[in-house]
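Participant: Protein chains in written order, with the numbering used here: chain A, 1 to 178; chain B, 179 to 492. This structure is in structure tokens; I'll ask about it shortly.
This is the structure we're talking about:
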């Protein structure tokens, strides 16, 4: 594993979150009926940050939830390290809401596929939208982001690592070669 | 922690970390029970066979509900109506179930060590749902989860187990689990139902029921299995209630918030009075609810571990 390039620093991450917050508000015409649902692990922290940014812009609180998709993964039998099952924490009814799913990296699309299944088991949202910090391409399913912080063309022997202060001590996005 | 066991046979062989890992996984599964759709696709395409050589309703139903909420297919084999009646051995029955390409066998058997023996002979996952006087690990795990929820921790708690300790797999699994997690365990039973040298497991033997209750943060009241009293060694039912029954009066001398547990089925007026069973200290029905989450966690973990070990063989 070798760090190849630093794509975003702390300020870069902050600016993207602020921009996506504006875009979400523009598309949904405010916070009415809006809910942010972060996908564990880093998506959950990004959703919280987006909610804070929205609060600063509109002075309105927006609903935030956390989705754990472990039980919905299609690769449970393929990964050698057994994933730890965490709680889903969505303490509001998602039926009729405009739900914005939030994740750090959009890659094959399989995490989002699992998230859609998990979310729909909880209710019937009016719309489901997708916000990601980084879109690195190589989709295996017909899925796209409504809000993408940065498009980073990558090769498949690279990985994009999003580091956040809550989980990794600092905010940055780097490309790592396997 | 990475869970690697394809079987759950007892708590004796588990480390403290493994027990805590099952409990924390079960806590995540509790959330699934609060949803309108109480079902997740984690074990879709897997088959769980409940193989019960002893009558059981609540444990079997609990495992069945847990497996179904994980989207597994469930087959129940009651041995009274199966080829066991025709003389088939346990291992042959197990091999046949394995040949059907089942993924997990949940086994309840009246012989201690039955689950261990099946696990030795089969490649598929074995979950012990009670073997003789040996262990009943999922019951102890759900007791531990309930304690942790009610009292916020397990380490340092004083837990008393009251009843037929000698013949109880629930007691044995609880003793292993609780002592590994750092609880202080006291047992209390009629003298002939205290196994010799039980102190070697790290438990204290109470002098009488009041002694067992005085310092207890929780009391786990075992069922008196009068139907198993072949040697006529048990006290008479009324005598038992008089000397060991949990009553409102006895609880007045205990800690105010003492947690009262019972694995069921409950004999009202023998092990405890109805006002205790239905009273504010009782968590008996919460134990039943927690049983589903614990069994979902166990089935999920063992089935995944087996898939992963198959991967490594390839």
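Just so it is clear, CB atoms sit at the ideal spot from N, CA and C, and this is done for glycine as well. All values derive from a computational prediction rather than experimental measurement.
In chain order, what residues of the same chain lie with their CB nearer than 6 Å to the CB of residue 165(A), ignoring the 5 residues before and after it?
Facilitator: 171
Participant: When you compare the CB of residue 252(A) with every CB in chain B, is at least one pair closer than 8 Å?
Facilitator: Since the displayed chain A opens at 1 and closes at 178, residue 252(A) lies outside it and no answer follows.
Participant: Let me know the secondary structure DSSP gives residue 345(B) once reduced to three states.
Facilitator: coil
Participant: Taking the alpha carbon of residue 214(B) as the point to measure from, which residue in 169(A), 119(A), 156(A) and 159(A) has its own alpha carbon closest?
Facilitator: 119(A)
Participant: Give me the DSSP bridge partner(s) of residue 129(A).
Facilitator: 100(A)
Participant: Could you give the distance in angstroms between the alpha-carbon of residue 208(B) and the alpha-carbon of residue 284(B)?
Facilitator: 21 Å
Participant: Does the distance from the CB of residue 306(B) to the CB of residue 221(B) come in under 8 Å?
Facilitator: Contact flag unset, no.
Participant: My output table needs one value for residue 65(A): the three-state DSSP class, helix, strand or coil.
Facilitator: Looking at residue 65(A) - three-state DSSP - the assignment turns out to be strand.
Participant: Which class does residue 16(A) belong to by DSSP, given the choice of helix, strand or coil?
Facilitator: helix
Participant: List the residues of chain B whose Cβ lies closer than 7 Å to the Cβ of residue 63(A), in chain order.
Facilitator: Within chain B, no residue comes near residue 63(A); the closest Cβ sits about 17 Å away, beyond 7 Å.
Participant: Under 8 Å between C-beta atoms, does residue 230(B) make it to chain A?
Facilitator: no
Participant: Quick one: is residue 203(B) near chain E, going by C-beta distance under 8 Å?
Facilitator: Protein chains A and B are contained in the structure displayed, whereas chain E is not.
Participant: Distance cutoff 8 Å, beta carbons only. Does residue 71(A) sit that close to anything in chain B?
Facilitator: Taking Cβ atoms only, chain B reaches closer than 8 Å to residue 71(A), which makes this a yes.
Participant: At 7 Å on the CB atoms, spell out the chain B contacts of residue 88(A), in chain order.
Facilitator: 209
Participant: Compare the C-beta of residue 85(A) with all C-beta atoms of chain B and state if any pair is closer than 8 Å.
Facilitator: yes
Participant: Under 8 Å, Cβ to Cβ, is there at least one residue of chain A near residue 206(B)?
Facilitator: yes
Participant: Please report whether the beta-carbon of residue 75(A) lies at a distance below 8 Å from any beta-carbon of chain B.
Facilitator: Not closer than 8 Å to any Cβ of chain B, the Cβ of residue 75(A) fails to qualify, so no.
Participant: Excluding sequence positions up to five away, which residues of its chain have a Cβ less than 8 Å from the Cβ of residue 323(B)?
Facilitator: 201, 204, 205, 468, 471 and 472
Participant: Do residue 141(A) and residue 163(A) count as a contact pair if the criterion is CB distance below 8 Å?
Facilitator: Cβ atoms of residue 163(A) and residue 141(A): not closer than 8 Å.
Participant: Are the segment 126-145 of chain A and the segment 95-110 of chain A touching, with three or more C-beta to C-beta distances below 8 Å?
Facilitator: yes
Participant: Measuring CB to CB, does residue 399(B) end up less than 8 Å from residue 439(B)?
Facilitator: Residue 399(B) is a Cβ neighbour of residue 439(B), given a cutoff of 8 Å.
Participant: Along the alpha helix (DSSP H) that carries residue 299(B), what are the first and last residues, could you check?
Facilitator: 292-299
Participant: Using a 10 Å radius around the Cβ and a threshold of 16 neighbouring Cβ atoms, would you call residue 423(B) buried or exposed?
Facilitator: It counts as buried.
Participant: Report the start-end ranges of each alpha helix (DSSP H) in the segment 347-406 of chain B that is 4 residues or longer and not cut off at the edges.
Facilitator: 347-358 and 387-392
Participant: Using a Cβ-Cβ distance under 8 Å, would residue 68(A) count as near chain B?
Facilitator: True, the Cβ-Cβ gap to chain B drops below 8 Å.
Participant: Run down chain A in chain order and give the residues with a C-beta less than 8 Å from the C-beta of residue 368(B).
Facilitator: Here the premise fails: no neighbours, minimum Cβ distance about 42 Å.
Participant: Could you list which residues in chain A have their beta carbon closer than 9 Å to that of residue 483(B), in chain order?
Facilitator: 82
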